[in-house]
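Residue numbers (our numbering): 3 to 264.
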């Protein structure tokens with residue numbers, strides 16, 4: 003049995019975040035390429051489904067697993083040719099999904115098919131990644147009810163960002179993420195001037211603030227004030243206030259992230 007090469011630091015960050023979710027969870031390695039991450043995860047005791055859309059790299063990954071893993075280790079690793087989450091089966095019961103080395107735009111497309119069983123996403127876009135693409139990815143996770151933490155490591159290509167997103171739970175312990183993005187978007191469309199919002203966010207993503215930005219923020223504050231003092235029914239008031247408060251937080255986060263230093 004051959005000895006495996008040490009895992010690259012950027013992939014080690016992905017592996018550690020995936021394993022920290024719990025040793026009992028099945029891990030999906032989406033876009034596994036030649037299998038370095040998948041093999042390492044199995045060596046640490048995990049059960050892994052490794053998926054890639056390209057047959058060539060997938061065959062190399064299979065060969066690597068045969069060369070470096072014991073028979074028992076190979077029994078905990080399954081390779082599949084397929085496109086993202088579509089290659090998974092319900093009986094896989096995947097709890098953690100790793101998507102590393104993929105462009106942020108492709109990540110967004112794939113994430114829309116995240117299975118309900120997944121409670122942790124470990125995302126590592128190719129670096130460097132444009133700020134607008136990263137902002138769009140963060141917004142999607144925020145709107146889809148994922149709690150996000152970020153880790154940054156320095157690689158030869160620049161700063162490498164690993165996003166760890168955990169599905170939020172309600173008071174009964176039920177996990178929420180599938181379909182949540184649509185509900186939030188519908189509430190937002192009912193309550194906010196979407197054309198103005200789109201212009202403001204485009205400006206903020208380019209690091210620009212103008213009079214429209216200030217006007218939009220003032221409008222959000224006015225809406226909140228009217229909700230506190232108005233006579234809305236409790237149910238309506240709750241979701242309206244949540245939408246506006248989240249919108250204010252998102253605008254402030256974008257202002258802070260793209261603010262000019264000094």
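Backbone N, C-alpha and C define an ideal beta-carbon position, used for all residues, glycine too. Nothing here was measured: the structure is a model prediction, and the numbers come from that model.
| Check | Outcome |
| --- | --- |
| Taking DSSP as the reference, what is the three-state secondary structure of residue 97? | strand |
| Identify whether residue 162 lies in helix, strand or coil by the three-state DSSP scheme. | strand |
| Any contact between the segment 84-100 and the segment 112-129? By contact I mean 3 or more CB pairs, one from each, below 8 Å. | yes |
| Should residue 226 and residue 202 be called a contact, given that it needs their Cβ atoms to be closer than 8 Å? | no |
| What do you reckon, are the CB atoms on residue 87 and residue 32 nearer than 8 Å? | yes |
| According to the neighbour-count rule (16 or more other Cβ atoms, all chains shown, within 10 Å of its Cβ), is residue 37 buried or exposed? | buried |
| Around the C-beta of residue 152, are 16 or more other C-beta atoms found within 10 angstroms, so that it is buried, or is it exposed? | exposed |
| What number of angstroms, rounded off, separates the C-alpha of residue 100 from the C-alpha of residue 112? | 12 Å |
| Which residues does DSSP pair with residue 81 in a beta bridge? | 52 |
| Could you give the DSSP three-state label for residue 124: helix, strand or coil? | strand |
| Specify, as a first and last residue, the run of the beta strand (DSSP E) that residue 31 falls within. | 28-32 |
| For the alpha helix (DSSP H) holding residue 227, just list the boundary residues, first then last. | 213-231 |
| Would you mind stating whether residue 210 and residue 164 have Cβ atoms separated by less than 8 Å? | no |
| State the Cα-Cα distance for the pair residue 103 and residue 253, rounded to the nearest angstrom. | 28 Å |
| To the nearest angstrom, how far is the alpha carbon of residue 76 from that of residue 135? | 37 Å |
| Going by C-alpha distance, which of 218, 169, 207, 29 is nearest residue 193? | 218 |
| Shortest alpha-carbon distance to residue 256 belongs to which of 229, 157, 139? | 139 |
| My guess is that residue 122 and residue 17 are in contact by the Cβ rule of under 8 Å, so how many angstroms apart are they, rounded? | Actually they do not touch by this definition, with Cβ atoms about 13 Å apart. |
| For residue 144 and residue 41, I'd like the C-alpha separation in whole angstroms. | 31 Å |
| Please name the residue, chosen from 79, 154, 48, 96, that lies closest to residue 11 on a Cα-to-Cα basis. | 154 |
| Work out the CA separation of residue 223 and residue 240 for me, nearest whole Å. | 16 Å |
| In the structure shown, what three-state DSSP assignment does residue 155 receive? | strand |
| Roughly how far, in whole angstroms, is the beta-carbon of residue 207 from the beta-carbon of residue 137, given that I think they are within contact range, below 8 Å? | 5 Å |
| Alpha carbon to alpha carbon, how far is residue 84 from residue 56? Give it in angstroms, no decimals. | 8 Å |
| Quick one: is residue 174 buried, meaning 16 or more other Cβ sit within 10 Å of its Cβ, or exposed? | Because the pLDDT at residue 174 is just 47, under 50, the model does not fix this residue reliably, and the value given afterwards should be weighed accordingly. Looking at its Cβ environment, which holds fewer than 16 other Cβ atoms inside 10 Å, residue 174 is exposed. |
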